[in-house]
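The listed protein sequences correspond, in order, to chains A, B and C.
Going by this note's numbering, the first sequence opens with residue 1428, and the numbers climb by one from there.
Going by this note's numbering, the second sequence opens with residue 1428, and the numbers climb by one from there.
Going by this note's numbering, the third sequence opens with residue 1428, and the numbers climb by one from there.
Structure first, commentary second.
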Amino acid sequence: MFQAKIRSDALKGIVNIISTLVDEAKLNVSPEGIGLKAVDPAHVAMVELDVKKAAFESYLADDTQIGLDLDKIKEVLRLTASGDIIEMEQDEERGRLIVRVGNITRRMNMVDTSSMSDPKVPQLSLPVSVDVSISEIQKGIRAAESVSDHIALTADAEGFELSCEGDTDSVNLRLDKAKLVGLTVSEKARSLFPLDYFSNLVKAIPSDTVVKINLGNDYPVKIHFDLAEGNTSVGYLLAPRIESD
Amino acid sequence: MFQAKIRSDALKGIVNIISTLVDEAKLNVSPEGIGLKAVDPAHVAMVELDVKKAAFESYLADDTQIGLDLDKIKEVLRLTASGDIIEMEQDEERGRLIVRVGNITRRMNMVDTSSMSDPKVPQLSLPVSVDVSISEIQKGIRAAESVSDHIALTADAEGFELSCEGDTDSVNLRLDKAKLVGLTVSEKARSLFPLDYFSNLVKAIPSDTVVKINLGNDYPVKIHFDLAEGNTSVGYLLAPRIESD
Amino acid sequence: MFQAKIRSDALKGIVNIISTLVDEAKLNVSPEGIGLKAVDPAHVAMVELDVKKAAFESYLADDTQIGLDLDKIKEVLRLTASGDIIEMEQDEERGRLIVRVGNITRRMNMVDTSSMSDPKVPQLSLPVSVDVSISEIQKGIRAAESVSDHIALTADAEGFELSCEGDTDSVNLRLDKAKLVGLTVSEKARSLFPLDYFSNLVKAIPSDTVVKINLGNDYPVKIHFDLAEGNTSVGYLLAPRIESD
């Protein structure tokens, strides 16, 4: 059983993040909230969400699983204005999710979750932790896209840097320690990442969010942040590219 | 002879409706105003407009016919801002319509109307009459488009409903009697319609308009409304689809 | 050596004009400012810019040449908001231009200017001079585009006119002397021009600009105007089309 109401903005924020990696998602529903783990088809990135009961306007659920087609949820979101409430209800008998916005009711077949397994999230100990307003990075990302298809993240005791090297041009975003919310560096670190994954995530994060970036040397990057006024925590893991030069 | 001035908003409202069905239109001009009847090439829908002299800022005409290329009128409308006045004048000698906006003059060949006959508007007696703000329906239409290519309109004594059934999903817009401006039901009615026609019309109607919908059982739907502050009346007739289930 | 700061709006205004004709440009840099002459690949139009030192927030330069890829400059401009300052610096050793906006640094290879010669600007004595707000012409241009691919400019003692003749339609923009800022006609003049060149230029000029148009009979048109609060002067020359009728 699953019955919940949520503000459309809150649902949109969550869906925007997940859909950077997958088109369909398995929600692990419990009385306390919803958990989700997803990996993209190329196994380059992984996202883990924990949506607390308090993220919803009302929430009533047993332990159950819901297979969501994210494009259909986006279609519903497109019908909503900023303050709207979205009602969701599981119709277990018919395998459907019933979604209501105002006078509109949409019934959608749920996706079969039997073949969707939860990925294992690796435990990593990374020497760098950067707390930064995502808006600072969003500017740099747009500059990088015209130059290369991968991006290097670098951190030392003085600051954090994004850099792209193309054939003829390069782009650099330097954030000195004073521009950061926090910086802990036990060891200088640099890793290279596919720009499209990084860019899609960065653009999907609301611009007033502070994110925590954990970085190593040729190691995956871990990005943590909260959505929905702190009631949803997101962890994102992106595999590095090995530098060829 | 035909010489008239009209606010660009008023002309835009009229052209938007007609061009959901046809690219060219024959205007039946008289000293009292302009009448128009048009049927789409597939003969699925029909529109009938009565634009009174009072819809114009100034109006001077004999009985005459004008064949309009609606795309050219739209090009002129795109040059105008909301308060602008459009001047139109028939140049009978050269078979042209002269259109002026500010310092710009456009002369356009009129379309030959000799092969354009006025369709007969059937007289229908329909058991249901629904008065509803079109904005309520505009929301439902957008929800329906992702699910199916036809839409069922249903009415009973309690309310009015739009519903779409797709292969896996369904969408429903329920408007209880209290949500309607008026509802008269002498007999429960339900008919199915092609969604594209219905949707194109609904979107072309200014969102602050109240429309009257007359409905029957597997019968055409008749939609009536006014434009241009009541000085233009529009009747629209859409043929039903026979349900295959 | 070249080191300068400029408001993004000022740089955008300049780049918009040049890029109607070329993708790459050679800047002739001197201690007093920057000069540029460019001709389009089809040799139909020519532009000449004189950007004074005062157009910059700060400016320090020797005599040098800089080859710019305008698309790359546009990419940088897209990252800026209206009040932003763009810093530019020549890295002579590596043949690069370093461009900074806020925390972002972009290094771009300069274009080789050795094969880019400065076109000779012909001295023309034209019998008509029209001073007109470009916004008046911008409206007419949009009307003309749906009708023809060339445009006639005509002037006599009473006013200035743009006209387009298509197969079935015509568009006319008449600006009487009272609508103009200035009009000097020693001899009636009319010339025909390719609409795309004329239109691209007219649209690239900020709408609050007054331009001076010099016109003759089947002669090139010369268009002069200032940008960047008078600190950049632009001259544009467009070859006529010979009328075939």
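All residues carry an ideal CB built from backbone N, CA and C; glycine is no exception.
Taking the C-beta atoms as reference points, residue 1599(A) is found nearer than 9 Å to residue 1588(A). With respect to chain B, the C-beta atom of residue 1531(A) has a partner C-beta closer than 9 Å. Distance between residue 1456(C) and residue 1437(C), taken at the CA atoms: about 17 Å. Separation of residue 1602(A) and residue 1591(A) (C-alpha to C-alpha, rounded to the nearest whole angstrom) is 15 Å.
Between the segment 1460-1472 of chain B and the segment 1642-1653 of chain A, the count of C-beta pairs closer than 8 Å stays below three; the two stretches do not touch. Under the 8 Å Cβ criterion, the segment 1447-1461 of chain B counts as touching the segment 1478-1492 of chain B, having at least three qualifying pairs.
Boundaries of the alpha helix (DSSP H) harbouring residue 1630(C): 1622-1631, taken from the DSSP string. Distance from the CA atom of residue 1498(A) to the CA atom of residue 1663(C), rounded to whole angstroms, is 51 Å.
Here DSSP, grouped into helix, strand and coil, assigns residue 1462(A) to strand. Apart from the 5 residues on each side of it in sequence, residue 1540(B) sits with its Cβ closer than 6 Å to the Cβ of 1453, 1492 and 1494 in its chain, given in chain order. For a Cβ distance threshold of 8 Å, residue set 1499, 1533, 1534, 1535 and 1536 of chain A lies close to residue 1596(B), ordered along the chain.
Annotation: residue 1621(C) to residue 1474(B) spans about 42 Å, alpha carbon to alpha carbon. Scanning the segment 1535-1607 of chain A for uninterrupted alpha helix (DSSP H) segments of 4 residues or longer gives 1561-1571, listed from N- to C-terminal end. Cβ-Cβ separation between residue 1543(C) and residue 1524(C): approximately 16 Å, too far for a contact (criterion under 8 Å).
Nearest to residue 1627(C) by C-alpha distance, out of 1441(C), 1446(C), 1435(C) and 1428(C), is 1446(C).
For residue 1449(C), the secondary structure class from DSSP, reduced to helix, strand or coil, is coil. Those residues of the segment 1564-1597 of chain C placed with their C-beta closer than 8 Å to a C-beta in chain B are 1566, 1567, 1569, 1570, 1573, 1574, 1595, 1596 and 1597, ordered along the chain. At a beta-carbon threshold of 8 Å, the residues of chain C lying near residue 1606(A) are 1530, ordered along the chain. Against chain B, a Cβ distance below 7 Å from residue 1622(C) picks out nothing, because the smallest value is about 15 Å. Going by beta carbons, residue 1562(B) and residue 1509(B) fall outside the 9 Å limit.
Our two residues, residue 1645(B) and residue 1617(B), have alpha carbons roughly 6 Å apart in a direct line. For residue 1602(B), the closest Cβ of chain A is nearer than 9 Å. Counting along the chain, residue 1471(B) sits inside no alpha helix (DSSP H), nor does DSSP assign it H or E at all. In the DSSP assignment, residue 1485(B) forms a beta bridge with 1432(B). The Cβ of residue 1442(A) sits no closer than 9 Å to any Cβ of chain B.
In the structure shown, residue 1617(A) falls within a strand segment according to DSSP collapsed to helix, strand and coil. Per DSSP, residue 1669(C) lies in no beta strand (DSSP E) segment and is marked neither H nor E. Annotation: residue 1440(A) to residue 1433(B) spans about 46 Å, alpha carbon to alpha carbon. For residue 1516(B), the uninterrupted beta strand (DSSP E) segment begins and ends at 1512-1518. Here residue 1665(A) is not near residue 1449(A), since their CB atoms are 9 Å or more apart.
Nearest to residue 1573(B) by alpha-carbon distance, out of 1451(A), 1506(A), 1443(A) and 1667(A), is 1506(A). A straight-line Cα-Cα distance of about 9 Å links residue 1519(A) and residue 1429(A).
Of 1636(B), 1642(B), 1567(B) and 1482(B), the smallest CA-CA separation from residue 1581(B) is found for 1642(B). Leaving aside the five residues that flank residue 1476(C) on each side, the residues in its chain whose CB is nearer than 6 Å to its CB run, in chain order, 1463 and 1661. Secondary structure of residue 1641(A) (DSSP, three-state): strand. Taking a C-beta distance under 9 Å as the contact criterion, residue 1637(A) and residue 1612(A) do not qualify as a contact pair.
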